[in-house]
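According to the UniProt record's numbering, the sequence shown is numbered sequentially starting from 24.
Just so it is clear, CB atoms sit at the ideal spot from N, CA and C, and this is done for glycine as well.
What you are looking at is a predicted structure, and each value in this text was computed from that prediction instead of being measured.
Contents: one structure, followed by commentary.
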Amino acid sequence: ANQTFEGDGIIKVWPPGCAMFAEYRNYADRVRRLAVREDDVWVVTYPKSGTTWMQEMVWLLVNNLDYKTARSILQTERSPYLEIGCWVTEAARTKANIGDSVREVEMLKSPRCIKTHLPLQMLPEQLWTVRPKIIYVARDAKDVAVSYYHHHRLFFGYAGSSEDFFEALLAEIVPYGSVWDHILDFWKLRHEPNVMFTTYEEMKKDLPGVVKQTADFLNCTLNSEEMKQLCDHLSFESMKNNPSVSHEIEVAKLRGMQTNINGEIQPFMRKGEVGSWKQDITPEIEKKINLYTKMKLADTDYVLPFTK
Ligand code: A3P
24 ANQTFEGDGI
34 IKVWPPGCAM
44 FAEYRNYADR
54 VRRLAVREDD
64 VWVVTYPKSG
74 TTWMQEMVWL
84 LVNNLDYKTA
94 RSILQTERSP
104 YLEIGCWVTE
114 AARTKANIGD
124 SVREVEMLKS
134 PRCIKTHLPL
144 QMLPEQLWTV
154 RPKIIYVARD
164 AKDVAVSYYH
174 HHRLFFGYAG
184 SSEDFFEALL
194 AEIVPYGSVW
204 DHILDFWKLR
214 HEPNVMFTTY
224 EEMKKDLPGV
234 VKQTADFLNC
244 TLNSEEMKQL
254 CDHLSFESMK
264 NNPSVSHEIE
274 VAKLRGMQTN
284 INGEIQPFMR
294 KGEVGSWKQD
304 ITPEIEKKIN
314 LYTKMKLADT
324 DYVLPFTK
């Protein structure tokens with residue numbers, strides 16, 4: 024609670040320069056040594072980039088569009104978040120009855136749909152030898168910044184100002200460090216046959232197109248009726264009203280709050296828009312993020328998605 028970004032709880036681990044919670048010490052080696060399976064599907068993102076959205080699509084494609092199970096079992100169980108345990112201390116984890124996420128991934132039946140926010144260098148070594156399918160979703164840094172700020176308020180009672188949070192993001196001392204380094208490492212891998220790279224903005228612009236691309240990548244075929252039903256299930260309104268994916272239950276479990284969040288604290292399914300940062304970022308911070316982005320993207324061929 025009352026987390027700030029003046030160093031409490033955050034430590035630089037691996038690779039040098041990537042900020043992570045101190046608790047990650049208990050995960051780093053186990054994650055690196057994790058046994059990867061050929062039929063795994065990994066959804067890798069920097070936080071707040073549309074992970075939950077993509078995970079739901081992937082899980083349904085991999086599981087023959089089993090909407091009944093998708094609605095009745097929490098996504099966090101169907102498609103576990105590999106290193107989630109490092110967000111809280113072991114004591115808090117026990118209190119909130121949150122299991123050991125690495126163990127849960129190890130115990131999961133194949134084909135596993137695994138979520139992680141870890142940057143490339145911190146991922147299991149076997150990913151690069153076993154080469155399962157990896158889907159990477161990137162999102163514009165300004166929308167990520169605002170969404171991440173609200174995420175910290177919602178889950179951890181972050182008490183700092185939004186400006187302080189944005190400065191921390193630019194200083195790369197928020198969990199998972201640099202948003203652009205994270206994205207660029209996977210951008211470079213986008214032509215690998217086992218890697219699919221897409222963006223939140225592309226999903227917003229053309230969801231059926233991304234569903235088709237993902238289905239092709241996972242060797243699934245959908246007829247037009249199935250496509251329509253899946254896109255309906257994945258719409259923002261539908262996901263916002265679906266407790267299996269809206270994270271209301273998890274927030275309540277962690278914070279002991281009413282699930283009906285309103286007022287100051289915004290829900291996990293917050294706005295679901297491209298460019299909503301304009302309402303939350305001052306011109307001064309906007310300039311700083313633009314400069315940061317320009318610096319990070321210099322000498323790369325990264326194409327900024329449709330964020331104008
Ligand atoms: P906002 O906070 O900008 O609304 P992640 O799952 O990686 O944590 O990303 C969360 C962000 O994705 C939130 O962004 C959330 O609203 C948005 N999101 C989740 N499901 C979505 C959907 N079906 N359509 C559009 N945006 C969605």
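Contact under 9 Å by Cβ, Leu84 with Cys243: The Cβ-Cβ distance between Leu84 and Cys243 falls below 9 Å.
Reduced DSSP secondary structure (H/G/I, E/B, other) of Phe291: Three-state result, Phe291: coil.
When Ser95, Phe178, Ile158 are compared against Asp63, the one with the closest alpha-carbon: Ranking Ser95, Phe178, Ile158 by Cα distance to Asp63 puts Ile158 first.
Three-state secondary structure (DSSP) of Cys136: Three-state result, Cys136: strand.
Check: His205 C-beta below 8 Å from any heavy atom of the ligand A3P: For the ligand A3P, no non-hydrogen atom lies closer than 8 Å to the CB of His205.
8 Å contact criterion, which Val59 and Pro155 should meet: CB distance rounded: About 6 Å; that satisfies the 8 Å criterion.
Spatially closest choice to Gln149 from Arg56, Val169, Leu143, Val128, by CA coordinates: Here the closest residue by C-alpha is Arg56.
Close beta carbons around Ser185, own chain, < 6 Å, minus the five adjacent residues each side: Residues of the same chain with a CB within less than 6 Å of the CB of Ser185, apart from the 5 flanking positions on each side, are Tyr172 in chain order.
Short Cβ contact (9 Å threshold) for Asp166 with Lys71: Against a cut-off of 9 Å, the Cβ pair of Lys71 and Asp166 comes out as a contact.
Close Cβ partners of Ser201 (< 7 Å) along its chain, the five nearest in sequence each way excluded: Close CB contacts of Ser201 within its chain, under the 7 Å cut and outside five residues either way in sequence, are with Glu195 (chain order).
For Glu248 and Ser267, the rounded distance between their alpha carbons: For Ser267 and Glu248, the distance between alpha carbons rounds to 23 Å.
DSSP-derived helix/strand/coil call for Tyr159: For Tyr159, the three-state secondary structure derived from DSSP is strand.
Thr222 and Val169 closer than 9 Å at C-beta: Against a cut-off of 9 Å, the Cβ pair of Val169 and Thr222 comes out as no contact.
Cross-strand partners of Val67 (DSSP beta bridge): DSSP lists Thr139, Tyr159 as partners of Val67.
Continuous beta strand (DSSP E) stretch holding Ala42: start and end: If you look at Ala42, you'll find it in the beta strand (DSSP E) that goes 42-44.
Bridge-paired residues (DSSP) for Val218: Looking at the DSSP assignment, Val218 forms a beta bridge with Ile157.
Buried versus exposed, by CB contacts within 10 Å (16 or more), Leu327: The C-beta of Leu327 has fewer than 16 other C-beta atoms within 10 Å across all chains shown, which makes the residue exposed.
His270, buried or exposed, once every other Cβ within 10 Å from all chains shown has been counted against 16: By the 10 Å Cβ count, His270 comes out buried.
Contact between the segment 289-304 and the segment 108-122 (3+ Cβ pairs under 8 Å): They do not touch, by the three-pair rule.
Three-way DSSP call (helix, strand, coil) for residue 1 in this model: In the structure as shown, the chain starts at 24 and stops at 331, and residue 1 therefore has no counterpart that could be examined.
Residue from Asn217, Asp324, Pro231, Lys317 whose Cα sits closest to the Cα of Val153: Of all alpha-carbon atoms in Asn217, Asp324, Pro231, Lys317, the one lying nearest the alpha-carbon of Val153 is that of Asn217.
Nearest neighbour of Asp229, chosen from Leu257, Lys310, Trp203, Ser102 [CA to CA]: The candidate whose alpha carbon is nearest that of Asp229 is Leu257.
Distance CB(Trp110)-CB(Phe188) smaller than 9 Å: In this structure, Phe188 does not lie closer than 9 Å to Trp110 by Cβ.
Three-state secondary structure (DSSP) of Tyr50: In this structure, DSSP gives Tyr50 a state outside helix and strand, which the three-state scheme calls coil.
Residue from Val125, Ala164, Asn49 whose Cα sits closest to the Cα of Lys319: Of the listed residues, the one whose Cα sits closest to Lys319 is Ala164.
Pairwise C-alpha distance: Trp300 and Thr282: Note that Thr282 scores 42 on pLDDT, short of 50, meaning its location in the model is unreliable; the coordinates nonetheless yield the value given after this. Cα to Cα, the separation comes out at about 25 Å.
Own chain partners of Leu143 with C-beta closer than 7 Å, once the 5 adjacent residues on each side are dropped: Cβ neighbours of Leu143 beyond the five flanking positions: Asp208, Phe209.
For Leu105, the nearest candidate out of Ala93, Tyr90, Val128 (CA to CA): Nearest of Ala93, Tyr90, Val128 to Leu105, Cα basis: Val128.
Environment of His175 [buried if 16+ CB atoms lie within 10 Å]: So His175 ends up on the buried side.
Beta-carbon proximity check, Thr139 vs Leu146, cutoff 9 Å: Taking a C-beta distance under 9 Å as the contact criterion, Thr139 and Leu146 qualify as a contact pair.
Proximity below 9 Å, CB of Arg162 to CB of Tyr69: The answer is yes: Cβ separation under 9 Å.
Nearest residue (CA-CA) to Phe259, options Pro231, Lys227, Ala42: Closest by alpha carbon: Lys227.
Leu57 beta carbon near the ligand A3P (any heavy atom closer than 8 Å): No; taking the cut-off as 8 Å, the Cβ of Leu57 has no heavy atom of the ligand A3P nearer than that.
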